[in-house]
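From first to last, the protein sequence lines stand for chains A and B.
Going left to right, the first sequence walks through residues 375 to 608 as our numbering numbers them.
Going left to right, the second sequence walks through residues 37 to 311 as our numbering numbers them.
We treat Cβ as the ideally placed atom computed from N, Cα and C, and that holds for glycine.
Contents: one structure, followed by commentary.
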Amino acid sequence: MKVLECENLCLGYEGMTVVENASFSVEEGDYICILGRNGAGKSTFVKGLLGLIPATSGKVTYEKGMKSKIGYVPQFMVLQKDFPATVHEVVMSGFTGSLGRKLFFSKAQNEKVKGILEKLNLSEYDKASFSSLSVGQKQRILLARAVCADSKVLFLDEPASGLDPAASAEFYNIISDLNSNEGVTVIMISHDINGALRNGKKILHIDKEIEFFGSTKEYLKTDSYRRLTGGDLP
Amino acid sequence: MTALFGELFSYTFIVRALAAGTLIAFCSALLGVSLVLKRYSMIGDGLSHVGFGAFAVALALNASPLAVAIPIVVAAAFLLLRISSNAKIKGDAAVALISSSALAIGVIIVSSSVGINTDIYNYMFGSILAVSGNDVIISVICSVAVIILYILFYNRIFAVTFDEDFAKATGVRTGVYNSLIAVLTAVIVVVGMRLMGALLISSLIVFPALTSMRLCKSFKSVTICGVIVSIVCFIIGIVISFTKGVPAGAGVVVVNLAAFVIFTLIGIIKNSTAK
Numbered sequence: 375m376k377v378l379e380c381e382n383l384c385l386g387y388e389g390m391t392v393v394e395n396a397s398f399s400v401e402e403g404d405y406i407c408i409l410g411r412n413g414a415g416k417s418t419f420v421k422g423l424l425g426l427i428p429a430t431s432g433k434v435t436y437e438k439g440m441k442s443k444i445g446y447v448p449q450f451m452v453l454q455k456d457f458p459a460t461v462h463e464v465v466m467s468g469f470t471g472s473l474g475r476k477l478f479f480s481k482a483q484n485e486k487v488k489g490i491l492e493k494l495n496l497s498e499y500d501k502a503s504f505s506s507l508s509v510g511q512k513q514r515i516l517l518a519r520a521v522c523a524d525s526k527v528l529f530l531d532e533p534a535s536g537l538d539p540a541a542s543a544e545f546y547n548i549i550s551d552l553n554s555n556e557g558v559t560v561i562m563i564s565h566d567i568n569g570a571l572r573n574g575k576k577i578l579h580i581d582k583e584i585e586f587f588g589s590t591k592e593y594l595k596t597d598s599y600r601r602l603t604g605g606d607l608p
Numbered sequence: 037m038t039a040l041f042g043e044l045f046s047y048t049f050i051v052r053a054l055a056a057g058t059l060i061a062f063c064s065a066l067l068g069v070s071l072v073l074k075r076y077s078m079i080g081d082g083l084s085h086v087g088f089g090a091f092a093v094a095l096a097l098n099a100s101p102l103a104v105a106i107p108i109v110v111a112a113a114f115l116l117l118r119i120s121s122n123a124k125i126k127g128d129a130a131v132a133l134i135s136s137s138a139l140a141i142g143v144i145i146v147s148s149s150v151g152i153n154t155d156i157y158n159y160m161f162g163s164i165l166a167v168s169g170n171d172v173i174i175s176v177i178c179s180v181a182v183i184i185l186y187i188l189f190y191n192r193i194f195a196v197t198f199d200e201d202f203a204k205a206t207g208v209r210t211g212v213y214n215s216l217i218a219v220l221t222a223v224i225v226v227v228g229m230r231l232m233g234a235l236l237i238s239s240l241i242v243f244p245a246l247t248s249m250r251l252c253k254s255f256k257s258v259t260i261c262g263v264i265v266s267i268v269c270f271i272i273g274i275v276i277s278f279t280k281g282v283p284a285g286a287g288v289v290v291v292n293l294a295a296f297v298i299f300t301l302i303g304i305i306k307n308s309t310a311k
């Protein structure tokens, strides 16, 4: 089943085109890693898919009812240093999009937050102040928040940047687990090529335009891959 | 002490000021938490200046001040929100530009029509005498509406305040809730201006949130503590205004400043003993 379809999507800021004519579609259960050099438009592309940036032309269509089942882990949060919020409040806010016509969170949702925190080994931080945590802990909390909303599609923007190798490996494991055991579709921007090749099922290479979209195995044969790894300069 | 309060409550104008003011202090503290954390503090300040301009127009036209000011300031709130969500630095400057222009236009209208008199002085710095019976009714209606809307949309307001991108990506209509915050702020600024003064009302929005953030670490506790701080400071400020004969707005702001200093000191002591 198709989850989302992107047709001739163009994105840009103030007259400058950042992403041009991007067309591709995401199937349920996909694990797509988005690769590309710095400034290739990866973050802009994902923001465009999420509807955070309006398309200058083209369109993104989600399968019916999918829009409220999206989870998103941003690259880094521009957050005031002493923003008052507990971990519980932050994770709970993941449910806001799926409230629909309801005004308040249910007891069941409250229990679910506890369950998710337990699963990610974060239970002890439930009442902790979010801003006092380390980068790695914050990143896991933000993943917990993204998982909250019964998300079927998870967008991640370089989630492992700023994590040490052990934390990063653990992070990838959690995501692989969500993908293979809970059927969550994953679309992830990554700087860590090896991590992407090891974990992703498909690769999307972008450099303003989509240069490659296909299986990880196929990707290894392309010029895009060689250029990105610096193995073979043109 | 009891004698002082007995005396206070024997004056209708004090009872009015306290009734309307406590509710306004309640609302401004609620909204303040979001405004401060979203870095929208300047919007409150900008709106109060626009409010002054609108009051001047009403005064010159001999119209009802609130009837003229509320629509103008609500419109200004939308405009300011638009500007500040576009580009961060430019937005900041634009707010300063709009607020000083509105103040200047207001002063010109006033001085060429009725002249600078005590009314204007009261509009700028607030007065406990300024609250009429009608004002109390309007304040109560507006404040109760703000409190109910805030509680109903509390979870969404938190989501929009904490991480607007995430909220929007997951299907929360962030534009609607940003506008809601701006409109509620506009209403409270206008309603509170008579009592607090155009130049001082924004402090009623900013101070309680900042003060409670020194000690409280969750969003909920900051909100609740902010409301309590705001109301207590307001009442003490009014008592000072009455006994010392200073403008109401100035009295309330100084008490808020004192509370902020005390909370900051407690916060520092708490942190250093925790280590």
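query: Should Val258 (chain B) be flagged as near chain A, meaning a C-beta pair shorter than 8 Å?
result: So yes, Val258 (chain B) belongs to the interface.
- prompt: Between the segment 201–214 of chain B and chain A, which residues of the former have a C-beta closer than 7 Å to a C-beta of the latter?
  reply: Contact residues of the segment 201–214 of chain B toward chain A are Asp201, Phe202, Ala203, Lys204, Ala205, Thr206, Gly207, Val208 (C-beta to C-beta distance below 7 Å).
message: Considering only the alpha carbon of each residue, which of B:Ala166, B:Ile187, B:Val150 lies closest to Leu54 (chain B)?
response: B:Ala166
task: Write down the C-beta distance between Met232 (chain B) and Ala295 (chain B) rounded to the nearest angstrom, noting that I regard them as a contact closer than 8 Å.
output: That belief does not hold up - the Cβ atoms of Met232 (chain B) and Ala295 (chain B) are roughly 16 Å apart, past 8 Å.
- request: Check whether the Cβ of Asn191 (chain B) lies closer than 8 Å to any Cβ atom in chain A.
  value: yes
- request: Output the residue ranges of the alpha helix (DSSP H) runs that lie fully inside the segment 212–250 of chain B and measure 4 residues or longer, sorted by chain position.
  value: Entirely contained in the segment 212–250 of chain B, the alpha helix (DSSP H) runs reaching 4 residues are, in chain order, 237–249.
message: Please confirm whether Ala414 (chain A) has its beta-carbon closer than 8 Å to some beta-carbon of chain B.
response: no
- prompt: Does Tyr499 (chain A) get closer than 8 Å to chain B when you measure Cβ to Cβ?
  reply: no
- request: Go ahead and label Met562 (chain A) buried or exposed: buried means 16 or more other beta carbons lie within 10 angstroms of its beta carbon, across all protein chains shown.
  value: buried
field: Of the residues B:Ala234, B:Ile145, B:Met249, B:Ile274, the one placed nearest Leu95 (chain B), counting alpha carbons only
entry: B:Ile145
field: In DSSP terms, what Phe529 (chain A) is bridged to
entry: A:Tyr446, A:Ile561, per the DSSP bridge assignment.
field: Contact set for Ile302 (chain B): own chain, Cβ-Cβ below 8 Å, skip 5 residues either direction
entry: Arg250, Leu251
message: Please list, in chain order, the chain E residues whose beta carbon lies closer than 7 Å to that of Met249 (chain B).
response: The chain labelled as chain E is not found among the protein chains of the depicted structure, namely A and B.
- request: To the nearest angstrom, report how far apart Lys512 (chain A) and Leu491 (chain A) are at their CA atoms.
  value: Looking at the two C-alpha atoms, the distance is approximately 12 Å.
- prompt: Are the C-beta of Thr470 (chain A) and some C-beta of chain B separated by less than 8 Å?
  reply: Answer yes: the Cβ-Cβ gap between Thr470 (chain A) and chain B drops below 8 Å somewhere.
message: Give me the DSSP bridge partner(s) of Lys433 (chain A).
response: A:Glu381
query: Starting from Ile580 (chain A) and walking both ways along the alpha helix (DSSP H), at which residues does that stretch end?
result: Where Ile580 (chain A) is concerned, there is no enclosing alpha helix (DSSP H), although the beta strand (DSSP E) around it starts and stops at 576–581.
field: Cβ pair count under 8 Å reaching 3, the segment 472–491 of chain A against the segment 506–525 of chain A
entry: Flag = yes, the segment 472–491 of chain A and the segment 506–525 of chain A touch.
- prompt: Comparing the C-beta of Cys252 (chain B) with each C-beta of chain A, is any distance below 8 Å?
  reply: yes
query: What are the residues of the segment 427–442 of chain A that lie near chain B, defined by any Cβ-Cβ distance shorter than 8 Å?
result: Lys441, Ser442
query: When you check each C-beta in the segment 54–83 of chain B against every C-beta of chain A, which residues fall closer than 7 Å?
result: Leu73
message: So with CB distances below 9 Å, who are the chain B contacts of Phe479 (chain A)?
response: Asn191
query: Where does Cys252 (chain B) sit, in a helix, a strand or coil, going by DSSP?
result: Coil.
- prompt: DSSP state of Asp597 (chain A), grouped into three classes?
  reply: helix
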